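Numbering (my numbering), first residue to last: 301 to 981. A virtual CB, placed ideally from N, CA and C, is assigned to each residue, including glycine. The structure displayed is predicted, hence computed values, not measured ones.
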Amino acid sequence: MSAPYVPQIARYRNWLSAERGLNFRDYEDMRQWSVRDLDAFWQSIWDYFELTSPTPYQAVLTMRKMPGAVWFPGASVNYAHQVFRHAAKADAAGLPAIVSSGEDGVLTETSWPELRRKAAALALHLKDKGVGPGDRIAAYLPNISETIIAFLAAASLGAIWSVCAPDMAAPAVIDRFKQIEPKVLIACDAVTYAGRRHDRRNVVDELRRALPTVEHVILHGDKDVATPDAQLAKILAHRSAAIDAFEPAWLPFDHPLWIVYSSGTTGLPKPIVHGHGGIIIVVLALLVLHNDLGCSYQPNSFGERYHWYSSTGWIMWNSQTGGLLNGTTCCIFDGSPSGPKDKTDWTTLWRFVAKSRATFFGAGAAFFANCSKAELDLTSVGDLSRLRALGSTGSPLSADTQGWFNERFAALSKINGSTAQADIWWANISGGTDFAGAFIGGNRELPQTPGAMQCRALGAAVEAFDEQGRAVIDEVGELVCTEPMPSMPLRFWNDPGDARYRASYFETYPDNFDGTGRGPVWRHGDWLKVNPDGSCVIYGRSDATINRHGLRMGTSELYSAIEALPEVLDSMVVDLEYLGRESYMPLFVVLREGTVLDAAMQAKINTAIEAGLSRRFLPNEMFAVSEIPRTLSGKKQELPIKKLLLGQPLEKVINKDAMANPGCLDWYMDFAKRYLARTAA
Numbered sequence: 301m302s303a304p305y306v307p308q309i310a311r312y313r314n315w316l317s318a319e320r321g322l323n324f325r326d327y328e329d330m331r332q333w334s335v336r337d338l339d340a341f342w343q344s345i346w347d348y349f350e351l352t353s354p355t356p357y358q359a360v361l362t363m364r365k366m367p368g369a370v371w372f373p374g375a376s377v378n379y380a381h382q383v384f385r386h387a388a389k390a391d392a393a394g395l396p397a398i399v400s401s402g403e404d405g406v407l408t409e410t411s412w413p414e415l416r417r418k419a420a421a422l423a424l425h426l427k428d429k430g431v432g433p434g435d436r437i438a439a440y441l442p443n444i445s446e447t448i449i450a451f452l453a454a455a456s457l458g459a460i461w462s463v464c465a466p467d468m469a470a471p472a473v474i475d476r477f478k479q480i481e482p483k484v485l486i487a488c489d490a491v492t493y494a495g496r497r498h499d500r501r502n503v504v505d506e507l508r509r510a511l512p513t514v515e516h517v518i519l520h521g522d523k524d525v526a527t528p529d530a531q532l533a534k535i536l537a538h539r540s541a542a543i544d545a546f547e548p549a550w551l552p553f554d555h556p557l558w559i560v561y562s563s564g565t566t567g568l569p570k571p572i573v574h575g576h577g578g579i580i581i582v583v584l585a586l587l588v589l590h591n592d593l594g595c596s597y598q599p600n601s602f603g604e605r606y607h608w609y610s611s612t613g614w615i616m617w618n619s620q621t622g623g624l625l626n627g628t629t630c631c632i633f634d635g636s637p638s639g640p641k642d643k644t645d646w647t648t649l650w651r652f653v654a655k656s657r658a659t660f661f662g663a664g665a666a667f668f669a670n671c672s673k674a675e676l677d678l679t680s681v682g683d684l685s686r687l688r689a690l691g692s693t694g695s696p697l698s699a700d701t702q703g704w705f706n707e708r709f710a711a712l713s714k715i716n717g718s719t720a721q722a723d724i725w726w727a728n729i730s731g732g733t734d735f736a737g738a739f740i741g742g743n744r745e746l747p748q749t750p751g752a753m754q755c756r757a758l759g760a761a762v763e764a765f766d767e768q769g770r771a772v773i774d775e776v777g778e779l780v781c782t783e784p785m786p787s788m789p790l791r792f793w794n795d796p797g798d799a800r801y802r803a804s805y806f807e808t809y810p811d812n813f814d815g816t817g818r819g820p821v822w823r824h825g826d827w828l829k830v831n832p833d834g835s836c837v838i839y840g841r842s843d844a845t846i847n848r849h850g851l852r853m854g855t856s857e858l859y860s861a862i863e864a865l866p867e868v869l870d871s872m873v874v875d876l877e878y879l880g881r882e883s884y885m886p887l888f889v890v891l892r893e894g895t896v897l898d899a900a901m902q903a904k905i906n907t908a909i910e911a912g913l914s915r916r917f918l919p920n921e922m923f924a925v926s927e928i929p930r931t932l933s934g935k936k937q938e939l940p941i942k943k944l945l946l947g948q949p950l951e952k953v954i955n956k957d958a959m960a961n962p963g964c965l966d967w968y969m970d971f972a973k974r975y976l977a978r979t980a981a
C-alpha cells in the first residue's frame with residue numbers, strides 16, 4: 301500500500317472546518333485550541349469517530365482537575381463493542397482482524413467474525429463461572445491472537461483485565477497479581493523465545509498457590525501436560541446460538557478496563573487502573589491522527605496493516621491491540637526480534653513485516669539501533685514495498701539511527717518503486733504506561749528532523765518546565781502536563797485516598813505550586829526540550845540527569861554519541877554530583893566481541909563525546925561490562941545504580957524481579973563497594 305491519498309490528520313482538520321467552522325493557521329494553532337477548549341476538542345473526537353452511547357451524557361468534562369477529572373458522565377461504552385462494530389464491513393471487504401506469527405515463521409489469520417465468535421464463547425464461559433463486572437482476570441500469556449481474544453472477552457463482560465508476559469519469573473508476576481486479587485487465571489504452559497521452548501507449568505502451579513482468590517484456571521497449551529480447570533482451545537471452539545447472539549455489556553464511561561503496572565525502583569509495582577471510555581477515545585486520537593493509521597476497509601487507507609513489536613508485558617501491546625478500535629488489521633509477532641540466542645539474526649522481525657504485508661511497523665528505539673549496528677540488508681528480508689511508515693518509542697531514537705534507515709529506505713524505494721519509502725515517515729512517540737498514550741508524537745504533514753519528534757499531541761497540554769515551574773522553549777526542562785486527559789488513571793488499585801497516585805505524579809507541582817491558584821500539574825519524569833518549530837526532543841529520565849560544571853544534560857545525548865561507534869553495543873552513565881560535592885561520572889560500556897577497552901578505545905570514545913557534545917561531558921573513568929542493567933521493558937536502570945554508588949543498600953534501590961537481567965548486578969555491587977571504600981579513604 302502506498303501512503304494514503306489524504307493524511308488522517310488532514311481528514312480530521314477538514315472535518316473540523318466543515319462540521320465546526322474551525323480553521324487554523326497551522327498545526328500548533330490547532331493544538332493550542334485542543335488544550336484550551338478541552339470540551340470542544342474531546343467532543344469532536346467523539347463525533348469524528350462516531351462513538352455511540354445508548355444513554356445520554358450530561359457533559360464532556362466535569363471537575364476539570366488532576367487527579368479526579370470526570371469525563372462524559374452518563375455515557376455508556378464498551379471497548380469490545382467499539383472493536384466489533386467494524387466486524388461486518390471489514391469481513392465483507394475480505395480483510396482479517398489479526399495476522400499473527402511466531403519464530404517458526406508460520407502466518408495465521410484470524411477473521412473478524414472469528415474474533416467476535418471466540419471472544420463471545422469465552423465471555424459466556426466466564427459468565428457461567430460467575431465472572432461479572434469488576435472481577436479481575438489475570439493472564440499469563442504471550443503475544444498471540446488468543447490473548448487479544450481473552451482480553452476482549454473480559455472487556456465485554458466488564459471484568460478487569462491484567463496481563464503479564466510469560467518471560468517474567470513467578471515472583472515478579474505474583475508481586476503484580478496478588479495486589480489485584482484475581483478471580484480467574486488464564487495462563488500458558490510454555491513459551492518459545494530465541495529458538496528455545498521454555499516450560500511454564502511450574503510457574504502456573506506457583507501462581508495458583510500464591511493467588512488464593514483464583515477460583516478458575518484456564519490453560520492455553522497441550523492437553524496432556526497440565527490439569528487446569530479448563531482448556532482455552534476447547535472453550536474457543538464452542539459454537540451456539542447464544543454465542544452468535546452475544547453482545548458486550550454497556551458500561552459507564554469510567555468503568556475499569558484493565559490494570560497495567562509501572563515498576564518503580566522500590567516497593568511493589570504500581571497497579572494503574574484505566575477506564576473503557578478514556579482508553580477508547582485517547583487511543584483513537586493517537587493511532588489515527590498522530591500515527592496516521594487508517595481503517596483497513598475505507599478507500600483512503602484500504603488494506604492498512606499495523607504492527608508494533610511488543611511483548612504482553614509492555615504498554616505497546618495495549619497500543620497494538622488498540623488498532624482494532626478503528627477497524628485496522630493488527631499484525632502481531634511472538635518471539636525474539638533477533639532470532640535464536642546462539643545465532644543472532646536481526647532480519648527476523650523484518651521478514652515478518654514483509655510476509656504479513658504490514659504498512660506500519662513500530663518497535664523500540666533499541667531495536668532499530670541494533671539493526672543499524674548489524675548493517676542490516678533490507679533487500680534480503682522479502683517484499684517490503686507495502687511498508688510506508690515506521691514508529692519508535694521506549695527510549696530516544698538517535699539521529700544517526702534514523703538517518704541510517706532513511707538512507708536504506710531511499711535506496712530500497714528505487715528497487716521496489718515505493719514513493720513512500722523515498723522519504724519514509726517516522727512516527728516517533730513518547731508517552732507511558734501511566735496513561736496508556738503519548739504526550740509527543742508524529743504528524744505526517746510536518747517536516748521531519750532525525751532525532752526529534754514532530755509535535756506535542758492534540759489534547760496534550762505538555763510543557764517543559766524550568767526550575768521555577770515556568771514553561772520554556774528551546775531549553776531542557778521537566779516534562780509536565782498541565783491539563784487532564786481522558787486516559788489518565790482512574791486510580792491505583794487498592795490505594796486509599798489516592799495517596800500513592802498523587803505521590804507518583806503530583807507532588808513536585810502540587811495545588812497552587814506557583815501562587816497562581818492553578819491545581820496540581822502532572823510531572824512525568826522526563827527531560828524535554830520543545831524546539832521553536834514545535835518539534836520535541838526527549839533527553840531521558842529527569843531523575844538521571846547529568847550536571848557537569850553547571851551544565852545540565854539528559855543521558856540520551858551522551859548515549860547517542862557513544863553508541864554511534866560500531867565497537868560500542870550498549871552504555872550507561874551516572875553522575876554522582878550531590879550535596880555540593882565534585883561530580884564523578886563513570887561510564888560503563890558493553891563492547892563488541894573482540895574489542896578491548898584499552899587506551900586507544902577510551903580515546904575514541906572521548907573523541908566521540910567531545911565531537912558530539914563537549915569536553916565538559918567526558919567521563920571520569922570508563923569500565924567495560926558484560927551487560928547494562930535494564931528493566932523488563934528495556935529501560936536502562938541509571939537511577940538505581942546511581943543510588944547504589946551513593947551508598948544505599950541494594951534492596952532499597954532496585955527490584956530484581958522488575959529487571960530483565962538481574963544477574964549482572966553482582967558486578968555493580970562489587971564496583972560500588974570498591975568505589976565507596978575509595979571515597980571513604
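DSSP-derived helix/strand/coil call for residue i
i: residue 312; result: helix
i: residue 357; result: coil
i: residue 575; result: strand
i: residue 379; result: helix
i: residue 487; result: strand
i: residue 552; result: strand
i: residue 516; result: strand
i: residue 967; result: helix
i: residue 801; result: helix
i: residue 362; result: strand
i: residue 524; result: Residue placement at residue 524 cannot be trusted, given a pLDDT of 46 that sits under 50; what the coordinates show is reported in the next sentence. Coil, per DSSP.
i: residue 639; result: coil
i: residue 623; result: helix
i: residue 973; result: helix
i: residue 611; result: coil
i: residue 372; result: coil
i: residue 352; result: coil
i: residue 680; result: helix
i: residue 409; result: strand
i: residue 420; result: helix
Cβ-based burial, residue i [other Cβ within 10 Å; buried from 16]
i: residue 498; result: exposed
i: residue 926; result: exposed
i: residue 355; result: exposed
i: residue 785; result: buried
i: residue 795; result: buried
i: residue 753; result: buried
i: residue 597; result: buried
i: residue 623; result: buried
Residue i Cβ short of 6 Å to the ligand NAD heavy atom set
i: residue 647; result: This structure does not include the ligand NAD; it has no bound ligands of any sort.
For residue i, the residue or residues it bridges with in DSSP
i: residue 543; result: Beta-bridge pairing links residue 543 to no other residue.
i: residue 498; result: 491
i: residue 873; result: 887
i: residue 562; result: 570
i: residue 737; result: 732
i: residue 779; result: 764
i: residue 468; result: DSSP, once it has assigned bridges, lists no residue as partnering residue 468.
i: residue 631; result: 399
i: residue 923; result: 888
i: residue 673; result: For residue 673, which the question treats as bridged, DSSP gives no partner whatsoever.
i: residue 440; result: 464 and 487
Close Cβ partners of residue i (< 7 Å) along its chain, the five nearest in sequence each way excluded
i: residue 791; result: 573, 798 and 801
i: residue 746; result: 327, 754 and 755
i: residue 859; result: 871
i: residue 453; result: 419, 422, 423 and 426
Cβ-based neighbour list, residue i, same chain, cut-off 6 Å, excluding 5 preceding and 5 following
i: residue 921; result: 886
i: residue 433; result: 458
i: residue 663; result: 609
8 Å Cβ shell around residue i - same chain, five flanking residues per side excluded
i: residue 439; result: 447, 450, 451, 461, 462, 463, 464, 485, 486, 487 and 612
For the stretch 548 to 557 and the stretch 312 to 326, state whether three or more C-beta atom pairs, one from each stretch, are separated by less than 8 Å.
-> no
If we count Cβ pairs, one from each stretch, closer than 8 Å, do we get three or more for the stretch 570 to 580 versus the stretch 370 to 377?
-> yes
Is there contact between the stretch 898 to 906 and the stretch 968 to 976, where contact requires at least three CB pairs shorter than 8 Å?
-> no
Indicate whether the contact test is met: 3 or more Cβ pairs, each with one atom in the stretch 712 to 732 and one in the stretch 680 to 695, closer than 8 Å.
-> yes
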